[in-house]
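Position 180 of the sequence shown, counted from 1, bears residue number 180 in UniProt numbering, the numbering being contiguous throughout.
Note that CB positions come from ideal geometry on N, CA and C, so glycine has one too.
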Amino acid sequence: MSKHLVIVESPAKGKTIEKYLGPEYQVMASYGHVRDLVPKEGAVDPEDGFRMRYDVIERSEKQIEAIAKALKKSDDLILATDPDREGEAISWHLYEVLRERGLLESRNVYRVVFHEITKKAIQEAIEQPRELAQPLIDAQQARRALDYLVGFNLSPLLWRKIKRGLSAGRVQSPALRMICERENEIEAFVPQEYWTLDAKAEREGQPFTARLTHLDGNKLNQFDLNSAELAHDAQGRLNEAANGELRVAKVEKKQRRRNPAAPFTTSTLQQEASRKLGFNASRTMRTAQQLYEGIDLGSGAEGLITYMRTDSVALAGEAIGEARGLIEERYGTDNLPDSPRQYKTKSKNAQEAHEAIRPTSVRRIPDEVRNRLTSDQARLYDLIWKRTVACQMIHATFDTVAADLVPGDSDHRFRATGSTLRHAGFIAVYQEGRDDSADDDEDKRLPEMAEGDTVALHEVTADQHFTEPPPRYTEASLVKTLEEYGIGRPSTYASIISTLQSREYVEMDGKRFIPTDTGRIVNSFLTQHFDRYVDYDFTANLEDELDAISRGEKDWVPVLEDFWGDFRDRVKEKEENVTRAEAVQSRELGTDPKSGRPVSVRLGRFGPIVQIGTKDDEEKPRFAGLLPGQKMDKITLEEALELFKLPRELGETPEGEPVMVNIGRFGPYVKYGAKYVSLGPDDDVWTIELPRALELVAEKKKKDAERFIKSFDEEGIQVLNGRYGPYVTDGNKNAKVPKETDPKSLTLEQCQELIANAPERKGRGRKGGKAAASKSGGTKKASTTRSTTSKSTASKSKSTGSKASTQKGTKSSGTKSTGSKASGSKASGSKASGSKSTGTKSSASGSGKSTGKATSKKSGGKAGSDGDSTEKSPSDETVTASGRGSD
Numbered sequence: 001m002s003k004h005l006v007i008v009e010s011p012a013k014g015k016t017i018e019k020y021l022g023p024e025y026q027v028m029a030s031y032g033h034v035r036d037l038v039p040k041e042g043a044v045d046p047e048d049g050f051r052m053r054y055d056v057i058e059r060s061e062k063q064i065e066a067i068a069k070a071l072k073k074s075d076d077l078i079l080a081t082d083p084d085r086e087g088e089a090i091s092w093h094l095y096e097v098l099r100e101r102g103l104l105e106s107r108n109v110y111r112v113v114f115h116e117i118t119k120k121a122i123q124e125a126i127e128q129p130r131e132l133a134q135p136l137i138d139a140q141q142a143r144r145a146l147d148y149l150v151g152f153n154l155s156p157l158l159w160r161k162i163k164r165g166l167s168a169g170r171v172q173s174p175a176l177r178m179i180c181e182r183e184n185e186i187e188a189f190v191p192q193e194y195w196t197l198d199a200k201a202e203r204e205g206q207p208f209t210a211r212l213t214h215l216d217g218n219k220l221n222q223f224d225l226n227s228a229e230l231a232h233d234a235q236g237r238l239n240e241a242a243n244g245e246l247r248v249a250k251v252e253k254k255q256r257r258r259n260p261a262a263p264f265t266t267s268t269l270q271q272e273a274s275r276k277l278g279f280n281a282s283r284t285m286r287t288a289q290q291l292y293e294g295i296d297l298g299s300g301a302e303g304l305i306t307y308m309r310t311d312s313v314a315l316a317g318e319a320i321g322e323a324r325g326l327i328e329e330r331y332g333t334d335n336l337p338d339s340p341r342q343y344k345t346k347s348k349n350a351q352e353a354h355e356a357i358r359p360t361s362v363r364r365i366p367d368e369v370r371n372r373l374t375s376d377q378a379r380l381y382d383l384i385w386k387r388t389v390a391c392q393m394i395h396a397t398f399d400t401v402a403a404d405l406v407p408g409d410s411d412h413r414f415r416a417t418g419s420t421l422r423h424a425g426f427i428a429v430y431q432e433g434r435d436d437s438a439d440d441d442e443d444k445r446l447p448e449m450a451e452g453d454t455v456a457l458h459e460v461t462a463d464q465h466f467t468e469p470p471p472r473y474t475e476a477s478l479v480k481t482l483e484e485y486g487i488g489r490p491s492t493y494a495s496i497i498s499t500l501q502s503r504e505y506v507e508m509d510g511k512r513f514i515p516t517d518t519g520r521i522v523n524s525f526l527t528q529h530f531d532r533y534v535d536y537d538f539t540a541n542l543e544d545e546l547d548a549i550s551r552g553e554k555d556w557v558p559v560l561e562d563f564w565g566d567f568r569d570r571v572k573e574k575e576e577n578v579t580r581a582e583a584v585q586s587r588e589l590g591t592d593p594k595s596g597r598p599v600s601v602r603l604g605r606f607g608p609i610v611q612i613g614t615k616d617d618e619e620k621p622r623f624a625g626l627l628p629g630q631k632m633d634k635i636t637l638e639e640a641l642e643l644f645k646l647p648r649e650l651g652e653t654p655e656g657e658p659v660m661v662n663i664g665r666f667g668p669y670v671k672y673g674a675k676y677v678s679l680g681p682d683d684d685v686w687t688i689e690l691p692r693a694l695e696l697v698a699e700k701k702k703k704d705a706e707r708f709i710k711s712f713d714e715e716g717i718q719v720l721n722g723r724y725g726p727y728v729t730d731g732n733k734n735a736k737v738p739k740e741t742d743p744k745s746l747t748l749e750q751c752q753e754l755i756a757n758a759p760e761r762k763g764r765g766r767k768g769g770k771a772a773a774s775k776s777g778g779t780k781k782a783s784t785t786r787s788t789t790s791k792s793t794a795s796k797s798k799s800t801g802s803k804a805s806t807q808k809g810t811k812s813s814g815t816k817s818t819g820s821k822a823s824g825s826k827a828s829g830s831k832a833s834g835s836k837s838t839g840t841k842s843s844a845s846g847s848g849k850s851t852g853k854a855t856s857k858k859s860g861g862k863a864g865s866d867g868d869s870t871e872k873s874p875s876d877e878t879v880t881a882s883g884r885g886s887d
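Take a look at the structure:
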């Protein structure tokens with residue numbers, strides 16, 4: 001019987017830790033959160049001190065039972081979840097569930113934290129336990145409450161004023177605003193013409209280029225030469241003054257140093273992995289999680305990096321010492337600075353983690369472990385290792401040269417610049433990725449020149465340029481901007497981005513974000529009617545307040561009260577005073593020449609549509625959906641009218657079936673009678689004619705005939721050849737024909753019996769795979785908890801060797817059984833039951849860190865948090881996702 005039960009978040013981490021602790025310790029996983037808010041409106045009650053009602057997540061029930069069973073055989077419980085506020089909350093939720101079940105009355109409970117999964121770190125953590133940190137718990141509850149209150153109030157408003165299935169989030173919405181505002185800047189941008197003049201020169205056989213900086217003694221500004229006439233006039237004067245030579249008027253030589261970048265935080269790791277490895281934020285965090293939790297290097301799992309959710313750039317003294325030793329051995333003493341480099345964190349909170357992301361040992365060289373890692377793991381570990389080592393190396397040194405060159409005795413002046421690397425320093429190991437706009441002239445050499453020398457001038461070139469609009473955001477630049485504004489926190493960036501994509505508010509053009517029509521309308525509605533709540537400064541200040549709560553400097557309830565009053569009043573006022581017509585923002589395109597009725601474009605129930613006529617006309621309006629790539633703000637009247645030419649009637653089949661072409665949900669198709677066949681990749685729905693359509697129909701009929709064995713038309717039953725052999729179907733269920741049976745000999749009764757005994761067909765999700773249905777469990781007990789009610793673990797804590805100290809006197813008030821029925825949804829993406837909210841079905845669930853990626857039934861309808869835990873909303877559609885909630 002193990003004396004100590006240790007709880008971590010994931011089984012992978014648990015296996016690594018159990019190896020370090022020995023037989024007296026049993027390590028089990030919680031699989032992320034075990035409780036979440038009950039899946040209905042009222043889960044957070046602002047009228048009762050923001051009392052929060054929690055319920056065990058359905059998928060966690062089995063694991064809680066396993067933990068409870070193991071706890072009965074143990075002397076004490078050691079909570080060892082992650083060292084951030086959400087990890088603290090996960091421990092607290094589990095503690096509360098076990099306490100309510102009476103399993104902690106005779107057992108000690110300890111909280112331990114560690115920032116790397118190494119034997120030394122784990123053993124030190126066990127010897128230095130502490131109490132559950134109520135400020136961290138309060139901060140996480142406050143964040144969860146805010147996200148819930150925003151989601152469950154704004155999202156239904158969007159459904160009523162714009163269309164169903166939309167959502168708004170406290171952090172997601174400002175991020176969407178950034179992307180939309182950048183697109184507005186791009187569309188409003190007016191290019192400006194300007195010209196540059198360069199001297200193509202040569203000295204002692206070495207060609208180089210110099211840029212014109214002064215004309216007639218006046219320093220040139222960017223737009224001084226803004227036409228071909230001005231540029232070519234200056235070009236002629238310069239050539240005339242030079243007469244084939246330039247005089248060296250001045251030479252400046254300097255040394256420039258570049259220091260290495262600080263070690264990685266979560267944000268900078270996401271940015272650099274995007275720039276250098278092409279990873280999105282989710283892929284980066286998933287891979288970093290694997291490296292942190294442990295990789296089997298041959299003698300058991302080892303944690304290869306420190307905790308990957310951090311704002312800190314500080315490194316432990318031990319880590320710095322090890323890095324300096326490696327640098328001296330591997331790269332020489334001339335690459336080692338006299339004293340260690342110390343990096344200070346700008347963030348006030350530093351995500352409650354005390355170190356940057358670094359290897360647990362820099363002695364673990366990337367090439368030596370590569371064959372034990374996946375490609376993603378190896379590439380990310382290599383990036384982290386190099387950045388960590390480089391940050392403790394000496395600066396890089398460059399020799400820079402600038403020469404002023406004058407044509408003849410004129411007042412014109414060119415300048416040539418060059419830079420050569422004198423000592424590589426840290427660049428020998430690692431150099432930080434640059435933004436697209438970075439202008440780097442390193443290792444651009446100039447010939448030796450001295451004042452008074454002359455150089456040969458081959459020609460003066462004049463080049464036309466136009467200013468360019470600001471670039472669209474990439475994942476890296478969006479994360480960087482969010483961090484600069486103080487919006488969200490490192491562990492939320494991946495979920496913010498995935499939420500914007502799953503809601504279909506943004507789409508990707510290469511690696512850059514473009515807002516969709518839906519995204520722009522939602523943003524326009526929010527910036528017009530909820531400007532304060534998508535304001536960057538307001539959102540950042542609220543993050544600061546949450547951080548202050550986590551540090552114990554503020555109480556969480558007053559923070560929520562300050563937010564809720566104005567927000568509630570704003571929602572109510574907009575419900576009453578904003579009409580659907582002005583929120584949807586239709587745009588008049590012109591007049592239909594055939595009917596004389598107005599043509600407009602607007603957002604319909606299923607997406608952007610063009611409409612001919614109005615609801616007030618005697619004749620009903622006609623509608624047509626926009627094609628892929630068409631935008632509401634760009635479509636013209638002519639393009640809109642083309643959409644009404646579909647479906648096109650082409651004629652008939654030889655059997656007299658009508659033939660037409662149209663575009664459906666899955667692309668362009670030919671319809672013949674009541675059947676369909678997709679167009680080929682080279683077919684155009686606008687130009688295809690009857691002969692080609694009949695070819696497609698004939699091919700389809702041939703394939704159908706090859707599949708067909710026999711049918712019982714009155715019963716709607718067919719016997720067909722399938723991919724895996726013959727089968728019987730009634731359109732709802734499929735039944736495989738036994739191998740010993742000739743499918744042609746089957747009778748109606750035999751077919752009906754096979755179908756009756758066949759399993760139900762599994763439903764298919766619309767976007768990412770199958771969504772298996774799960775039935776709601778029985779009635780569960782929901783906990784109602786105030787932030788101030790739970791003094792989680794006792795006030796006493798002391799070390800007793802390797803065993804964590806006793807904590808007694810634990811109590812929690814304000815919890816009660818509500819008897820309400822609720823269930824969470826499984827991590828596999830299964831549908832979960834819920835209760836009604838604002839007249840529609842709602843549901844909620846959580847999701848564990850290590851459950852893998854889940855699928856969604858539809859990418860709309862999530863009214864809750866910006867995090868990547870599953871949130872049920874006032875919708876009949878369920879969305880699930882893997883991972884922890886927002887942190």
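Can you tell me which residues form a DSSP beta bridge with glutamate 398? Position 398 of the sequence shown, counted from the start, is the residue given in the question as residue 398. Sequence check: residue 398 is phenylalanine here, not glutamate. For phenylalanine 398, which the question treats as bridged, DSSP gives the partners Arg256, Leu421.
Beta-carbon proximity check, histidine 412 vs histidine 232, cutoff 8 Å: If you number the sequence shown from 1, residue 412 lands on position 412. If you number the sequence shown from 1, residue 232 lands on position 232. Their beta carbons are not under 8 Å apart, which means histidine 412 does not touch histidine 232 by this criterion.
If you run the structure through DSSP and keep just helix, strand and coil, what is glycine 768? Translated into positions along the sequence shown, residue 768 becomes position 768. Because glycine 768 carries a pLDDT of 40, less than 50, the predicted location of this residue cannot be relied on, and no value is offered for it.
Between valine 389 and the rest of its own chain, which residues show a CB-CB distance below 8 Å, the 5 nearest in sequence each way excluded? In the sequence shown, residue 389 corresponds to position 389, counting from 1. For valine 389, where only same-chain residues beyond five positions count, the Cβ hits under 8 Å are Ala323, Leu326, Ile327, Val362, Val429, Tyr430.
For the segment 298-313 and the segment 417-427, state whether three or more C-beta atom pairs, one from each stretch, are separated by less than 8 Å. Short answer: they don't touch.
Option nearest threonine 118 by Cα separation, candidates Arg364, His529, Phe567: By 1-based counting over the sequence shown, the position of residue 118 is 118. Relative to the Cα of threonine 118, the nearest Cα in the group Arg364, His529, Phe567 belongs to Arg364.
Taking Cβ positions, are glutamine 392 and proline 359 nearer each other than 8 Å? On the sequence shown, residue 392 is found 392 positions in, with the first residue counted as 1. On the sequence shown, residue 359 is found 359 positions in, with the first residue counted as 1. Between glutamine 392 and proline 359, the gap from beta carbon to beta carbon reaches 8 Å or more.
With DSSP as the reference, identify every bridge partner of alanine 403, one or two as the case may be. Residue numbering aside, residue 403 sits at position 403 when the sequence shown is read from its first letter. Looking at the DSSP assignment, alanine 403 forms a beta bridge with Val251, Ala416.
How many Å lie between glutamate 706 and phenylalanine 279 at the Cα? Sequence index remark: in the sequence shown, residue 706 carries index 706 (1-based). Sequence index remark: in the sequence shown, residue 279 carries index 279 (1-based). For glutamate 706 and phenylalanine 279, the gap between their C-alpha atoms comes out near 45 Å.
Rounded C-alpha distance that separates asparagine 221 from alanine 242: Locating residue 221 in the sequence shown gives position 221, where the first residue counts as 1. Locating residue 242 in the sequence shown gives position 242, where the first residue counts as 1. So the alpha carbons of these two residues sit roughly 22 Å apart.
Please state the DSSP three-state secondary structure of methionine 449. Working through the sequence shown from its first residue, we reach residue 449 at position 449. Methionine 449: coil per DSSP, three-state reduction.
Alpha carbon to alpha carbon, how far is glutamate 202 from glutamate 245? As a first step, residue 202 must be located in the sequence shown, where it is residue number 202. As a first step, residue 245 must be located in the sequence shown, where it is residue number 245. Distance between glutamate 202 and glutamate 245, taken at the CA atoms: about 10 Å.
Euclidean distance between Cα positions of proline 490 and serine 282: What you label residue 490 is simply residue 490 of the sequence shown in a count that begins at 1. What you label residue 282 is simply residue 282 of the sequence shown in a count that begins at 1. Our two residues, proline 490 and serine 282, have alpha carbons roughly 12 Å apart in a direct line.
Counted within 10 angstroms of its Cβ, other Cβ atoms place threonine 474 as buried (16 or more) or exposed: The sequence position of residue 474 within the sequence shown is 474, counting from 1. By the Cβ-count criterion, threonine 474 is buried, with 16 or more other Cβ atoms from all chains shown falling within 10 Å of its own Cβ.
Which one or two residues does DSSP pair with valine 44 in a beta bridge? The residue labelled residue 44 in the question sits at position 44 within the sequence shown. Met52, per the DSSP bridge assignment.
Return the residue from the list Asp509, Ser30, Ala450, Gln134 that minimises the CA-CA distance to glycine 552. Taking the sequence shown and counting its residues from 1, the one referred to as residue 552 is at position 552. It is Gln134.
Are the CB atoms of leucine 277 and leucine 380 within a distance shorter than 8 Å? By 1-based counting over the sequence shown, the position of residue 380 is 380. By 1-based counting over the sequence shown, the position of residue 277 is 277. Yes; because the gap between Cβ atoms is below 8 Å, this pair is in contact.
Per DSSP, which residues does glutamate 459 bridge with? Please list them. Counted from its first residue, the sequence shown places residue 459 at position 459. Bridge partners of glutamate 459 according to DSSP: Lys200.
Figure out for me which residue from Tyr343, Arg503, Gln235, Asp544 has the closest Cα to the Cα of arginine 143. Locating residue 143 in the sequence shown gives position 143, where the first residue counts as 1. For arginine 143, the nearest C-alpha among the options comes from Asp544.
Report buried or exposed for tryptophan 385, applying the criterion of at least 16 other Cβ atoms within 10 angstroms of its Cβ. Counting from one through the sequence shown, the residue named residue 385 turns up at place 385. Residue environment analysis places tryptophan 385 among the buried positions, since at least 16 neighbouring C-beta atoms fall within 10 angstroms of its C-beta.
Expressed to the nearest angstrom, what Euclidean distance is found between the alpha-carbon atoms of residue 912 and alanine 378? The structure shown does not extend to residue 912, since the chain is modelled only from 1 to 887, so the question has no answer here.
Quick one: what does DSSP say aspartate 411 is sitting in, helix, strand or coil? Along the sequence shown, read from residue 1 onward, the residue named residue 411 stands at position 411. For aspartate 411, the secondary structure class from DSSP, reduced to helix, strand or coil, is coil.
Integer Cβ distance of isoleucine 709 from proline 681, believed to fall under 8 Å: For this step, residue 709 is matched to residue 709 along the sequence shown. For this step, residue 681 is matched to residue 681 along the sequence shown. Rounded, the Cβ-Cβ distance is 31 Å, inconsistent with contact.
When the Cα atoms are used, what is the spatial distance from threonine 687 to leucine 627? On the sequence shown, position 687 is the one that residue 687 refers to. On the sequence shown, position 627 is the one that residue 627 refers to. Taking the straight line joining both Cα atoms gives about 16 Å.
When the Cα of glutamate 649 is compared with those of Glu639, Asn662, Leu643, Glu695, which residue comes out closest? Residue mapping note: residue 649 aligns to position 649 of the sequence shown, counting from 1. Nearest C-alpha to glutamate 649: Asn662.
Do asparagine 108 and aspartate 84 have their C-beta atoms closer together than 8 Å? Here residue 108 refers to the residue found at position 108 of the sequence shown. Here residue 84 refers to the residue found at position 84 of the sequence shown. With contacts defined as CB atoms closer than 8 Å, asparagine 108 and aspartate 84 fail to qualify as a contacting pair.
Is it a yes or a no for the segment 731-740 touching the segment 751-761, going by three-plus beta-carbon pairs under 8 Å? Taking 8 Å as the limit for Cβ pairs, the verdict is that the segment 751-761 does touch the segment 731-740.
Specify, as a first and last residue, the run of the alpha helix (DSSP H) that threonine 539 falls within. Counting from one through the sequence shown, the residue named residue 539 turns up at place 539. Per DSSP, threonine 539 belongs to the alpha helix (DSSP H) from 536-550.
Run through the DSSP bridge pairs and tell me what phenylalanine 264 is partnered with. Here residue 264 corresponds to residue number 264 of the sequence shown, with the count starting at 1. Paired residue(s): Ile357.
Can you tell me whether alanine 228 is buried or exposed? The criterion is at least 16 other CB atoms within 10 Å of its CB, across all chains shown. In the sequence shown, counting from the first residue as 1, residue 228 sits at position 228. The residue in question, alanine 228, is exposed, as its Cβ has fewer than 16 Cβ neighbours within 10 Å.
What is the DSSP secondary structure of tyrosine 331, reduced to helix, strand or coil? Position 331 of the sequence shown holds residue 331. DSSP places tyrosine 331 in helix when its eight states are reduced to three.
Exposed or buried, what is tyrosine 724 when buried is set at 16 or more other beta-carbons lying within 10 Å of its beta-carbon? The residue labelled residue 724 in the question sits at position 724 within the sequence shown. Tyrosine 724 counts as exposed, since fewer than 16 other C-beta atoms from the protein chains shown sit within 10 angstroms of its C-beta.
Could you check if alanine 66 is buried or exposed, using at least 16 other CB atoms within 10 Å of its CB as the buried criterion? The residue you call residue 66 lines up with position 66 of the sequence shown. So alanine 66 counts as exposed.
Which one of Glu657, Leu603, Leu37 has the shortest CA to CA distance from methionine 632? In the sequence shown, counting from the first residue as 1, residue 632 sits at position 632. Selection Glu657, Leu603, Leu37 evaluated against methionine 632 yields Leu603 as nearest (Cα-Cα).
Grab the span of the alpha helix (DSSP H) containing residue 957 for me, first residue to last. Not covered by the structure: residue 957. The range shown for the chain is 1 to 887.
Using the beta-carbon count (16 or more within 10 Å), is proline 156 buried or exposed? Here residue 156 corresponds to residue number 156 of the sequence shown, with the count starting at 1. Residue burial annotation: proline 156 is buried, with at least 16 other C-beta atoms found within 10 angstroms of its C-beta.
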